[in-house]
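*Asks:*
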Amino acid sequence: MIDLISLDWLDIVKVKKISDIKDIQDEVNLPHIYYKYIWLLGQFIQHSLLYLQGVRVPDPPELKERFPDKNPAQLIDIQREIYGCKFNWETGSLIVCYKDDLFEITSEAKEIVAANVTSDLAACCGFDDRGFDFNRACNKAVEKIIENITSGETQPL
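So the number in our numbering is just where the residue sits in the sequence shown, counting from 1, plus 162.
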């Protein structure tokens, strides 16, 4: 059995800056293992912004009609590419689109993720949202990010 805590890629001791966009310095630092939560929250935010604009995100079976030669995994990738947030897995920077404007929301998303991690690193290593209170994070994202973008308080890039 592998001891996940001893794996080098977890980088528990060294914590990197997540975003290098606009030289953001006063950020919450999170280990790379939490990037999946930032991405997941970004997808929720992007889909919420699309919904508010009246854009309906097609599901993979609908995309299959437009791309008959693609398998289900490729269809999900197409859906994420067209309708998902823009997330840099190396830097952790997060960008969403609303009414043709791009918004860099890395700092806000990181703060929300950091406040809603409910377990230690070992519990967060899976391919699910275990160790993260996703419902509470989504509520905070609506309050702090989505409302600010739709009201014009957050400035686009």
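Each residue gets a CB set at the ideal place from its N, CA and C atoms; glycine is no exception.
In this text the structure is predicted, and so the values were computed from the model without any measurement.
D263 to P318, Cα distance in whole Å?
*Replies:* Looking up residue 263 in the sequence shown gives position 101. Looking up residue 318 in the sequence shown gives position 156. Roughly 6 Å separates the two Cα atoms.
*Asks:* On a CA-only basis, which of A235, A276, D239, H209 is nearest I388? Give me that one, please.
*Replies:* The structure shown does not extend to residue 388, since the chain spans only 163 to 319, so no value can be given for it.
*Asks:* Within a Cβ cutoff of 6 Å, which residues of the same chain sit near C259, ignoring the five residues on either side of it in sequence?
*Replies:* On the sequence shown, position 97 is the one that residue 259 refers to. Closer than 6 Å at Cβ, skipping near neighbours: no residue.
*Asks:* Straight-line CA distance for V304 to I207?
*Replies:* As a first step, residue 304 is located in the sequence shown; it is residue number 142 there, counting from the start. As a first step, residue 207 is located in the sequence shown; it is residue number 45 there, counting from the start. Cα-Cα distance, rounded: 8 Å.
*Asks:* Within 10 Å of its beta-carbon, does W115 have 16 or more other beta-carbons around it, so buried, or fewer, so exposed?
*Replies:* Coverage of the chain is limited to positions 163 through 319, which leaves residue 115 absent and any answer about it impossible.
*Asks:* With the cut-off set at 9 Å, would you say K248 and L192 are in Cβ contact?
*Replies:* If you number the sequence shown from 1, residue 248 lands on position 86. If you number the sequence shown from 1, residue 192 lands on position 30. Not in contact: K248 and L192 (Cβ atoms no closer than 9 Å).
*Asks:* Going by beta carbon distance, what residues of the same chain come within less than 8 Å of P221, once the five residues before and after it are set aside?
*Replies:* Working through the sequence shown from its first residue, we reach residue 221 at position 59. Checking the displayed sequence, the identity of residue 221 turns out to be Asp instead of Pro. Around D221: Q241.
*Asks:* Do T312 and L211 have their CB atoms nearer than 9 Å?
*Replies:* Position 150 of the sequence shown, counted from the first residue, corresponds to residue 312. Position 49 of the sequence shown, counted from the first residue, corresponds to residue 211. Cβ distance < 9 Å, so T312 and L211 count as in contact.
*Asks:* Give me the Cα-Cα distance between D239 and E227, rounded to the nearest whole angstrom.
*Replies:* Counting from one through the sequence shown, the residue named residue 239 turns up at place 77. Counting from one through the sequence shown, the residue named residue 227 turns up at place 65. C-alpha separation (whole angstroms): 15 Å.
*Asks:* Would you mind reading off the limits of the beta strand (DSSP E) that contains Y321?
*Replies:* The structure shown does not extend to residue 321, since the chain spans only 163 to 319, so no value can be given for it.
*Asks:* Out of curiosity, what's the CA-to-CA distance linking C300 and H209?
*Replies:* Counting from 1 along the sequence shown, the entry for residue 300 is found at position 138. Counting from 1 along the sequence shown, the entry for residue 209 is found at position 47. One C-alpha to the other measures close to 12 Å.
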